[in-house]
Amino acid sequence: MEKPSLKETSFAMNMNSDHTRKTVCVFGTGDFGRSLGNKMFQCGYSVVFGSRNPELSGLHPKGIEVLSYTEAAQRSDLIIIAIHREHYNFLTELAEELQGKILVDISNNLKINQYSESNAEYLAELVPGAKIVKAFNTISAWALQSGALDASRQAFVCGDDKEAKQRVMDIGRSIGLTPMDQGSLKAAKEIENYPLQLFPMWKFPLYLSAALCVFYFVYCMLREVIYPYIQEEKDNTFFLAISIPNRIFPGLALNLLALVYLPGIIAAILQLYRGTKYSRFPNWLDHWMLCRKQLGLVALAFAFLHVMYTLVIPIRHYVRWKWSSRIINQIKNNKTDPFNTTTAWLSDSYVALGILGFFLFVLLGITSLPSVSNTVNWREFRFVQSKLGYLTLILCTAHTLVFGGKRFLSPSILRWYLPSIYVLSLIMPCTVLVLKFILVMPCFDQPLTRIRQGWERNSKVSKKAQLGNGKNEV
Amino acid sequence: MEKPSLKETSFAMNMNSDHTRKTVCVFGTGDFGRSLGNKMFQCGYSVVFGSRNPELSGLHPKGIEVLSYTEAAQRSDLIIIAIHREHYNFLTELAEELQGKILVDISNNLKINQYSESNAEYLAELVPGAKIVKAFNTISAWALQSGALDASRQAFVCGDDKEAKQRVMDIGRSIGLTPMDQGSLKAAKEIENYPLQLFPMWKFPLYLSAALCVFYFVYCMLREVIYPYIQEEKDNTFFLAISIPNRIFPGLALNLLALVYLPGIIAAILQLYRGTKYSRFPNWLDHWMLCRKQLGLVALAFAFLHVMYTLVIPIRHYVRWKWSSRIINQIKNNKTDPFNTTTAWLSDSYVALGILGFFLFVLLGITSLPSVSNTVNWREFRFVQSKLGYLTLILCTAHTLVFGGKRFLSPSILRWYLPSIYVLSLIMPCTVLVLKFILVMPCFDQPLTRIRQGWERNSKVSKKAQLGNGKNEV
Amino acid sequence: MEKPSLKETSFAMNMNSDHTRKTVCVFGTGDFGRSLGNKMFQCGYSVVFGSRNPELSGLHPKGIEVLSYTEAAQRSDLIIIAIHREHYNFLTELAEELQGKILVDISNNLKINQYSESNAEYLAELVPGAKIVKAFNTISAWALQSGALDASRQAFVCGDDKEAKQRVMDIGRSIGLTPMDQGSLKAAKEIENYPLQLFPMWKFPLYLSAALCVFYFVYCMLREVIYPYIQEEKDNTFFLAISIPNRIFPGLALNLLALVYLPGIIAAILQLYRGTKYSRFPNWLDHWMLCRKQLGLVALAFAFLHVMYTLVIPIRHYVRWKWSSRIINQIKNNKTDPFNTTTAWLSDSYVALGILGFFLFVLLGITSLPSVSNTVNWREFRFVQSKLGYLTLILCTAHTLVFGGKRFLSPSILRWYLPSIYVLSLIMPCTVLVLKFILVMPCFDQPLTRIRQGWERNSKVSKKAQLGNGKNEV
């Protein structure tokens, strides 16, 4: 054990004294191995490839040698393993050459959690004498070749040996990446799963809004297209392009926004009921709370579409025809519609409420951008996402209520006993607002605040805890 | 002094060789202490709590021990002090146990600058033999418990001992935070104030725009609602929803944008007058210059609202009724309004200027996002914020001027001798543009440029400085 | 060589033990040197200036000394060289004093690549015994003086000596900057060029769109203004404000978006033709591929303008006059335009397609924000930029096609044999979509996928490579 360590130290010293021609060894001449090797070569490293059939590997730039694994390993104390996990076992034969060296595992799997342990930990088991560093698996070969690092320059790195990790991070930096230290080799599993994910937090919000969308669509089709066709033989199919989406989208936006705040209310009720915040929430509630940001952004997308669909109303052929024919009818019948101040109030109010609600919604969206939310502290974040968020929900609910206006009371809006879609859309947000209103009343708010500061109803420490009033209680 | 140091070194070596079961001690079983302890326990640390009444502290996961302070301190060389500052003094009794150990101060205060020295520095005074690190106070207990680190993952860390700081940053990283090294323990005060702030830079812009808003509102109410009611008994109260906001918001946006560029002009005049850039500006000017970004973003918000309020004009009940009745009147009187090219030019120009101005305004807003402004260099930043900014101001001022059009000359727009609100709104931006125009004339621009490169009118070094022409003068 | 090293070590130890009064020396009392020195002094450093004429340098805060170069150098082991490169040569005389010390090169040049080697490397040649660190050249003197670090707090640092680099980065951090380690001194050239650049990646997209813009403008002027004037003596010049821009901008947006996807198609055809991905693309194609993001953002800007210009249509004087006179004509001629379902379908569809296309376009824009694209992995980035991007192109092309509608077939739209501008605008996006459609057919897609995984048609390794199916082939 002593000898390789000594040899390695002297080698490392040579390396340090010879900054310009550091040698890196790459095992495997596949696409990613070649891309990485060539990139390092371009950036001033001396690169040696190790291959099963060195004589078969063509197409390398001048100055890059392809040797057998054993020969290549002897050239460098840092070896990048650009080989599939399934073929790792040949490395056990090279145990002696790899002793004390830095092995960089850059492998990816085809599925999330494909193996019980991460590839890097498996490598560490196979070659116990080596220092394993997981790195570069999140970078694409194409990005390295083209230099287009538009997506992520972030190269997650983890490993148990600090100096080895530092060496690998230095290489990453010198080829234009931003290495991110993720801690010990235990993080390798997460790093290996990372590039296989496709928007994991977005799945629930997107599926939920798709399901709601289908329900709303069928409902609107029944009321707006099929009913007029059956009852009056009117062909309203062209409503499919704008009119019906513009009934679905606002309803979706409002309900999804309400669903952002519902889990917080359920959690508060649970905490009040249980009298403690230390027992875990059910899994579905946990997951729901974690994807509230995504839910809110999907709601914002629908709100944006609703705004656009509303603003184009006056340039639609159908609307212009309707407005013209109303004017022509007034003249033909020789009576002018009088100006109605109440209607003007209602019309202007619902539009103004909608604009203010949308404005705050956009503000919430902007503050959820990673670079913006990183610059605010928790107090500011809570102020924006909770206070401004509820204000947005109130404004948008009021917008819908005023839009309905007097029509709520008239039975003529029922078609086949179905109320207009905006009536349905109001159930959820109104419920959330009523529950929230109840929860902010002092009789519920005070015990809840105490519970959230760590107080527990049925606990021997409860009395003591009540003495403290901040978060760092003795 | 020698002994503890030696003991500590050997202990630290043990720690390093035993990566999997590092022990961390937490003093205090309050909410934040428990959240942090449990989180570290989940992430593979062995955690020991220290408490005044160990037997009273319930509800810990299996594997976490609660001991007396002394016993707990002996188990680890890193102790997290999850205790209010007011109770720190008991730590002096443990001085021997804490000798040479890392103490992590995570405390917060209730008010900004509550004490003359930071809690961490106070701790350092109390336990002079320990290595104090300030950390984690910006993280919320809820975020740790739920794993929802949507807001800031940034954990500011400072301390005088580099290795101690590194240890704490490693812990932060392993529990999912992004530690940010803030330097020596002197930074603790700022770190402790940070979570207590609520948008400090936004206060002046928001108060200013609120005051302007109230003034504009009263002014508009007088002209648009009270005047018609008194003179013509017309009920225009429904103007409150859209018409009046849409007169207030563009005026506010234009004036706030002008106020973004006014301090730069005042500074230039001051520098020209004083003949040097090295004497300090008055405090109010300094503060004004530092919140120009926030002023500009508030102006952008009002501009956005103005755009929305303008685009909904054709779907307002009042506007549709007005347009209809105009058409009906033309027919009744059997005379058709002829098409007027000049009016078409004016109408289209002011709309086009407004759109272009808003477009540049949005562009300025996007480039002020932290992640975008971080990718541009100073030359590019100045180009966008100065050149494009002035172009935006010019376009928006021209938009308002052309909107006024011929009406400026007609006395009929005065009501109670009050001109329209857009006339008032033009005073500030026109003043700023005229002053800027004067300042870019060579007779003022040349001495100003020299002053900004370090030249001083009344200085013995002035002649020498004139020889250089860059920023790194000899 | 031994002695200075020893001396330096003992000095460094003194420095470490004396955290509160670290001394930094600044050579040169120009603007930037003074700004940096004063800032460090404010942040608790003891600062000494070195100057050619110490007695001439006035205006320093109390506590800052100005000495001769030799005296100043003896006070500190870290010297900031705030001097123009042209005057570096006097440093050779101080070689003995500078031996083993850290020299921080903060100089900038006036032009990109002004000298063959970077200023920092030139300094390293002049004073071979010193440790050179390049830093702070990207920070502006004004930012340091005012504390307004709105633009970039990033201070790029590079150097061959790790400890020296660390010292400089610590100073940077303590004066409020975010030091970014850029690796060895070789990076100095890039760091020196950085502050001189003005949006280098935006040049091609902006010039291209300017050229297209001029062509479209002349074309539209001919058809919409000059033709009606000559043929019908109609004065349509007011079209210049809105009507003509609203024909140019959508065409530009659509064509620039198509040009984002064209280089990828050309590259695929080249790779299929060559049978390998390892030979380099022509330079123009490489450059084109690297500025696709900027091309797309310019296209988004034009799409945004198109949306705004479209939404204001109903509030334009000309449009309102046209709509009124159409209604008046209907009444005068006593015949009412019947409602046409097909026209309603076409009108609503092209508007709906446009809104959806614009929505996806905005989504693409948001995901290209640095802070957003940094949080997605490569799979997600490719999904958004490729799948959603092509969907955007399809929607926008369909929007234009449906906008044309039946008019494509009518010869009356030709004026002087010139078709409407939207017909021209469709050529490029349709070509791109047809080519893409051909390329995704299995007969082309399969060999292309293999080529992109590293397979080569004319290579001895091709058979072997076919065995692997991931990126890390053995």
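Quick mapping for you: the protein sequence lines, in order, are chains A, B and C.
Going letter by letter, the first sequence gives residues 1 to 474 in the UniProt record's numbering.
Going letter by letter, the second sequence gives residues 1 to 474 in the UniProt record's numbering.
Going letter by letter, the third sequence gives residues 1 to 474 in the UniProt record's numbering.
All C-beta atoms in this analysis are idealised placements derived from N, C-alpha and C, irrespective of residue type, glycine included.
Keep in mind the model is a prediction, meaning the values are calculated, not measured.
Neighbourhood of residue i by C-beta, 8 Å cutoff - its chain only, sequence neighbours within 5 removed
| i | result |
| --- | --- |
| leucine 126/B | Tyr88, Asn89, Leu91, Thr92 |
| isoleucine 244/C | Phe217, Cys220, Met221, Glu224, Val225 |
| tyrosine 309/C | Ile242, Pro245, Asn246, Phe249 |
| alanine 267/B | Phe281, Leu285, Met289 |
Same chain, Cβ closer than 7 Å to residue i, neighbours up to 5 away in sequence not counted
| i | result |
| --- | --- |
| histidine 84/A | Ser107 |
| asparagine 458/B | Gly275 |
| arginine 167/B | Leu78, Ile102 |
| leucine 252/B | Ser209, Leu212, Cys213, Tyr216, Phe302 |
Under 8 Å by beta carbon: chain C residues contacting residue i
| i | result |
| --- | --- |
| proline 314/B | Pro314, Ile315 |
Where residue i meets chain C, residues with beta-carbon distance less than 7 Å
| i | result |
| --- | --- |
| asparagine 377/B | Thr138, Ser152, Tyr194, Pro195, Gln197 |
| arginine 341/B | Strictly speaking, residue 341/B in this sequence is threonine, with arginine absent from that position. Ordered by position in chain C, the residues that pass the 7 Å Cβ test against threonine 341/B are Asp235, Phe238. |
| leucine 311/A | Leu311 |
| phenylalanine 383/B | Leu198 |
Residue i, buried or exposed, once every other Cβ within 10 Å from all chains shown has been counted against 16
| i | result |
| --- | --- |
| residue 475/C | In the structure as shown, chain C starts at 1 and stops at 474, and residue 475/C therefore has no counterpart that could be examined. |
| histidine 317/A | buried |
| aspartate 31/B | buried |
| asparagine 340/C | exposed |
| threonine 392/B | buried |
| alanine 135/C | buried |
| arginine 21/C | In this prediction, arginine 21/C scores a pLDDT of 42, lower than 50, which makes its location untrustworthy; no coordinate-derived value is stated. |
| glutamate 55/C | exposed |
| methionine 441/C | exposed |
| glutamate 233/C | exposed |
8 Å contact criterion, which residue i and residue j should meet: CB distance rounded
| i | j | result |
| --- | --- | --- |
| tyrosine 69/B | leucine 36/B | Actually they do not touch by this definition, with Cβ atoms about 17 Å apart. |
| arginine 173/B | aspartate 181/A | 6 Å |
| valine 66/A | threonine 23/A | Contact doesn't hold; Cβ gap of about 14 Å is too wide. |
| aspartate 353/A | histidine 399/A | In the sequence as presented, aspartate is not what sits at residue 353/A; that position holds leucine. 4 Å between Cβ atoms; contact. |
| glycine 183/A | aspartate 170/B | 7 Å |
| isoleucine 112/B | leucine 123/B | Wrong, their Cβ atoms sit about 19 Å apart, outside the cutoff. |
Neighbourhood of residue i by C-beta distance below 6 Å, restricted to the same chain and skipping five residues each side
| i | result |
| --- | --- |
| glycine 264/A | none |
| cysteine 43/A | Ser174, Ile175 |
| leucine 418/C | Arg223 |
Amino acids of chain B, ordered along the chain, whose beta-carbon sits closer than 9 Å to that of residue i
| i | result |
| --- | --- |
| serine 324/C | Trp323, Arg326, Ile327, Gln330, Thr336, Asp337 |
| glutamate 117/A | The contacting residues do not exist; glutamate 117/A stays about 15 Å from chain B at best. |
Within chain C, the residues that residue i reaches when beta carbons sit closer than 9 Å
| i | result |
| --- | --- |
| arginine 292/A | Result: empty, since nearest Cβ-Cβ is about 17 Å, beyond 9 Å. |
| methionine 201/A | Neighbours of methionine 201/A on chain C: none; closest Cβ ~10 Å, over 9 Å. |
Closer than 8 Å at the beta carbon, the chain B residues around residue i
| i | result |
| --- | --- |
| tyrosine 318/C | Phe339, Ala344, Ser347, Asp348 |
Proximal residues of chain A, C-beta to C-beta of residue i below 7 Å
| i | result |
| --- | --- |
| glutamine 453/C | Asp31 |
Short CB-CB distance (under 7 Å) between residue i and chain E
| i | result |
| --- | --- |
| leucine 305/B | Chain labels in this structure do not include chain E; the protein chains are A, B and C. |
Could you run through the segment 343 to 374 of chain A and flag, in chain order, every residue whose CB is less than 7 Å away from some CB of chain C?
Leu369, Pro370, Ser371
If the cut-off is 8 Å on Cβ atoms, which residues from the segment 73 to 100 of chain C count as contacting chain B, listed in chain order?
Ala82, Ile83, His84, His87
Output needed in chain order: residues of the segment 242 to 264 of chain A with a Cβ under 9 Å from some Cβ in chain C.
Ile242, Ser243, Pro245
What residues in the segment 40 to 55 of chain C have a beta carbon less than 9 Å from any beta carbon of chain A?
Residues: none.
Beta carbons nearer than 8 Å to chain C: which residues of the segment 24 to 40 of chain A have them?
Gly28, Thr29, Gly30, Asp31, Phe32, Gly33, Arg34
Using a Cβ-Cβ cut-off of less than 8 Å, list which residues of the segment 163 to 192 of chain A approach chain C; keep chain order.
Asp170, Arg173, Ser174
Of the residues that make up the segment 215 to 231 of chain C, which ones have a beta carbon closer than 7 Å to any beta carbon in chain B?
none
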